[in-house]
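First comes the structure, then the notes that go with it.
Here it is as structure tokens:
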């Protein structure tokens with residue numbers, strides 16, 4: 010199923026409909042402030058395992074939050090890390106932090122860290138708020154090897170594997186910038202849409 014949204018006009022009714030899919034154990038494709046994400050609720054273990062199967066990878070997945078207030082529940086945040094987070098989020102960044110026990114092991118790296126995303130997109134933050142828990146977020150693999158910026162292409166190739174494709178139009182072909190903030194050291198792990206000189 011494909012649901013079309015207007016990126017500039019929040020629609021609470023659509024958000025609730027997609028949140029209900031997630032709370033029922035569904036997997037969705039959704040727009041962010043970078044590329045399209047593939048996700049399920051953080052408590053959906055079977056969903057996480059299915060996403061690993063779709064991606065053919067067990068690499069750690071990030072979690073998407075609604076606001077800064079909930080970060081400390083899922084990640085250990087030092088004063089320095091909080092300053093970095095506050096300066097960059099919401100925005101096109103993934104911040105890697107030490108994980109707390111609230112993060113499923115399936116989502117943690119070997120170093121017991123987790124990626125945190127708060128996209129600057131009304132749909133993402135509204136969805137997490139409506140659901141009441143974080144949503145898994147990871148980039149989408151396409152069997153054709155193509156890019157994951159066109160929702161019609163995504164639906165054609167992955168529609169049979171997910172429950173909903175939220176169509177927010179064509180997105181930029183750039184993922185988030187990934188920044189590790191562990192042991193009070195800042196390291197750029199991946200350059201993406203976010204301009205990392207902001208953290209200097």
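Residue numbers (the working numbering): 10 to 209.
Glycine residues also receive a C-beta, built at the ideal position from the N, C-alpha and C atoms.
For the beta strand (DSSP E) that contains residue i, what are its first and last residues?
i, result
"residue 160", "Where residue 160 is concerned, there is no enclosing beta strand (DSSP E), although the alpha helix (DSSP H) it sits in stretches over 160-167."
"residue 175", "173-176"
"residue 38", "37-40"
"residue 51", "It is not in any beta strand (DSSP E) - residue 51 carries neither H nor E in the DSSP assignment."
"residue 202", "Neither: residue 202 is in no beta strand (DSSP E) and is coded neither H nor E."
"residue 187", "186-191"
"residue 144", "144-148"
Might you give, ordered along the chain, the residues of its own chain that have their beta carbon closer than 6 Å to the beta carbon of residue i, omitting 5 neighbours on each side?
i, result
"residue 15", "none"
"residue 64", "150"
"residue 77", "none"
Between which residues of its own chain and residue i is the CB-CB distance below 8 Å, once the five residues before and five after are set aside?
i, result
"residue 24", "132, 135, 136, 139"
"residue 12", "23, 26, 27, 173, 174, 175, 176"
"residue 163", "38, 45, 149, 151, 157, 174"
Flag this pair as yes or no: are the beta carbons of residue i and residue j separated by less than 7 Å?
i, j, result
"residue 143", "residue 72", "yes"
"residue 48", "residue 146", "yes"
"residue 91", "residue 111", "no"
"residue 115", "residue 179", "no"
What is the residue span of the alpha helix (DSSP H) that residue i lies within?
i, result
"residue 23", "21-32"
"residue 136", "131-140"
If you drop the 5 nearest sequence neighbours on each side, which residues of the same chain put their C-beta closer than 7 Å to that of residue i?
i, result
"residue 59", "36"
"residue 52", "142"
"residue 159", "179"
Counting only beta-carbon separations shorter than 7 Å, does residue i have a partner in chain C?
i, result
"residue 102", "This model lacks chain C altogether; it includes just one protein chain."
**Asked** Would you call the segment 185-193 and the segment 15-31 touching, i.e. three or more CB-CB distances under 8 Å?
**Response** no
**Message:** Just to confirm the assignment: which complete alpha helix (DSSP H) runs, minimum length 4, are found wholly within the segment 57-89?
**Reply:** 80-83
**Message:** Which complete beta strand (DSSP E) runs does the segment 98-127 hold, if anything under 3 residues is left out?
**Reply:** 102-107, 122-126
**Inter-stretch contact (C-beta, 8 Å, three-pair minimum) for the segment 98-111 and the segment 168-178** = no
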